[in-house]
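Using the working numbering, you'd call the opening residue of the sequence shown number 832 and step up by one each time. All C-beta atoms in this analysis are idealised placements derived from N, C-alpha and C, irrespective of residue type, glycine included.
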Amino acid sequence: MANMYETFSKVGDPRVVGRSSHLLTDILILSVLAVICGADTYDAIELFGKAHHDELKKMLRLPNGIPSHDTVNRIFQSIDARHFERLFVEWASGLRRCDGDAGTEVVAIDGKTMRGSGDAFHGNSPLHIVHAWSVRNAVCLGQYRTDAKSNEITAIPRLMEMLELEGSVVTIDAMGTQKDIAEKIVEAGADYILAVKGNQETLLEDVKALCGYERPAAEDTDVDKGHGRIEERLCQAFEPDAIIRADHKGWPGLRTVVKVRATRTVEGEQSAEERFYISSLPAGSHFNTYIRSHWEVENKLHWTLDMTFGEDGQRKRSRMAAQNFSILTKFALNLLKKDKSKASLRNKRLKAAWDWNFLMHLLQI
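This is the structure we're talking about:
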């Protein structure tokens, strides 16, 4: 709770000094608690506050009672979202350190479109948010808003500038396979695994050719069974020859080319897919594990934001409000994720709404 107060006290108050009936920290903490308990609108935040006024009065000042939904709405439309993003990264780094140094940390970076934030009448496309996900800690480390998916190339370096990446392995899909992004990662003291697809046509051709005529320096196989299917992933790591290094010398720290052949068997029908990557890691690294864990940013963050928090269904037309509420949601998500009790996130939200002691427990994780 002290960390939450400290973080929210740094948020700049956009209101006129002396003309405010409610404290900014009260509004933000009330909103986080309400979102944990299932609120996804400003009206729901107000209802949560009124239902728990007596309990909230013991932890918040609330000089003029519970703020109205209009007041909460105005706050989210006016606070500086970029600064709020930076404060979230600072706060999330504290959760990240709680798990110590247990193994290499994979930081998966990927983007998600907030479909409900679009406003066709005013010609505003939906916001696109680039996220950083800590696989080891199972928390969102940060986000950076863009106005379109095509802007991920410029957003990813800005997000990485806010993160502590030293010693980690950064995984990014093909959109982020850019030389300046690889350089940022290496400069931060981290390693990268970048997907190679058609957006880097020449590199893809050379990588495929290398995998075709060279012997792998290392390989391993992983088999996964479940839900009526069997998937076998053969991961081969190649050391680029002199030709590849010369043709692509602009890739900082390039040490390995990786090929993953995934063979799936479903009800007797078999299909296969090949994927290619470049990396700054040596050939003997755990590529199969690192590459597969990248998809946690989709399965454990993006899917959760839609299915548990209903993000795509929210209709916040103000772009600033949509961005700020997205950050607030990730405060709530991280607190729920850090609780180790055996329950789904949906049930944890219900339990927090019904059990005030459990809600307070989440704030102390």
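Quickly, what does DSSP pair F1107 with across the bridge? List them, please. To locate residue 1107, count along the sequence shown from 1; it is residue 276. DSSP lists V1027 and K1090 as partners of F1107.
Once DSSP output is grouped into helix, strand and coil, what is the label at C1066? Locating residue 1066 in the sequence shown gives position 235, counting from the first residue. Correct three-state label for C1066: strand.
So is T1033 buried or exposed if we call it buried at 16+ other beta carbons inside 10 Å? Position 202 of the sequence shown, counting from 1, holds the residue named residue 1033. A residue is called buried when at least 16 other Cβ atoms come within 10 angstroms of its Cβ; T1033 does not meet this threshold and is exposed.
Assigned secondary structure, Y970 (DSSP; H/G/I helix, E/B strand, else coil): By 1-based counting over the sequence shown, the position of residue 970 is 139. A small fix is needed here, since residue 970 is Val in this sequence, not Tyr. Residue state, collapsed to three classes: strand.
Name the one or two DSSP bridge partners that A1049 has. Indexing the sequence shown from 1 puts residue 1049 at position 218. Answer is A1068, bridged to A1049.
Check each candidate in I876, D1143 and T944 and name the one with the smallest Cα separation from N982. Along the sequence shown, read from residue 1 onward, the residue named residue 982 stands at position 151. That would be T944, whose Cα lies nearest to the Cα of N982.
Under the three-state DSSP convention, the category Q1145 falls into: The sequence position of residue 1145 within the sequence shown is 314, counting from 1. Correct three-state label for Q1145: coil.
Strand pairing of A1184, partner residues [DSSP]: Reading the sequence shown from its first residue, position 353 is the one you call residue 1184. Looking at the DSSP output, A1184 shares a beta bridge with no other residue.
Using DSSP bridges, identify the partner residues of K1015. As a working mapping, residue 1015 is identified with position 184 in the sequence shown. DSSP lists no partner for K1015.
In chain order, each beta strand (DSSP E) run of at least 3 residues that lies wholly inside the segment 885-947: As far as the segment 885-947 is concerned, its whole beta strand (DSSP E) runs of at least 3 residues are 937-945.
Count the other CB atoms within 10 Å of the CB of Y1121; is the residue buried (16 or more) or exposed (fewer)? Within the sequence shown, residue 1121 is the residue found at index 290, counting from 1. With 16 or more other Cβ atoms inside 10 Å of its own Cβ, Y1121 counts as buried.
Cα-Cα separation, R967 to T935: The residue labelled residue 967 in the question sits at position 136 within the sequence shown. The residue labelled residue 935 in the question sits at position 104 within the sequence shown. Rounded to the nearest angstrom, the gap between the Cα atoms of R967 and T935 is 8 Å.
Per-residue DSSP class, three states only, for R846: The residue you call residue 846 lines up with position 15 of the sequence shown. R846 carries a coil assignment under DSSP once its states are collapsed to helix, strand and coil.
Hey, would you say R892 sits closer than 8 Å to L854, going by beta carbons? Numbered from 1 along the sequence shown, position 61 holds the residue referred to as residue 892. Numbered from 1 along the sequence shown, position 23 holds the residue referred to as residue 854. Contact check for R892 against L854 passes: the beta carbons are separated by less than 8 Å.
Quick one: any contact between the segment 921-928 and the segment 834-842, if contact means 3 or more CB pairs under 8 Å? A contact exists between the segment 921-928 and the segment 834-842.
Span separating the alpha-carbon of D940 from that of P1113: Taking the first residue of the sequence shown as 1, we reach residue 940 at position 109. Taking the first residue of the sequence shown as 1, we reach residue 1113 at position 282. Looking at the sequence provided, one finds Ile at residue 940 rather than Asp. Straight-line measurement puts the Cα of P1113 at about 21 Å from the Cα of I940.
Counterpart residues of Q1101 in DSSP-defined beta bridges: For the purposes of this step, residue 1101 is identified with residue 270 of the sequence shown, where counting begins at 1. Within the DSSP secondary-structure output, Q1101 pairs in a beta bridge with T1096.
Once DSSP output is grouped into helix, strand and coil, what is the label at G869? What you label residue 869 is simply residue 38 of the sequence shown in a count that begins at 1. Note: G869 maps to coil in three-state DSSP.
Residue interval of the alpha helix (DSSP H) (run including V1038): Within the sequence shown, the letter at position 207 stands for residue 1038. Run containing V1038: E1032 to Y1044, per the alpha helix (DSSP H) assignment.
Is P957 buried or exposed, if buried means 16 or more other CB atoms sit within 10 Å of its CB? The residue given as residue 957 occupies position 126 in the sequence shown. By the neighbour-count rule (16 or more Cβ atoms within 10 Å), P957 is buried.
Any 3 or more C-beta pairs closer than 8 Å across the segment 895-904 and the segment 1176-1195: Touching, no.
Could you give the distance in angstroms between the alpha-carbon of S948 and the alpha-carbon of R1106? By one-based count along the sequence shown, residue 948 stands at place 117. By one-based count along the sequence shown, residue 1106 stands at place 275. When rounded, the distance between both Cα atoms is 33 Å.
Where does L994 fall in DSSP's three states? Translated into the one-based positions of the sequence shown, residue 994 becomes position 163. Coil at L994, not helix or strand.
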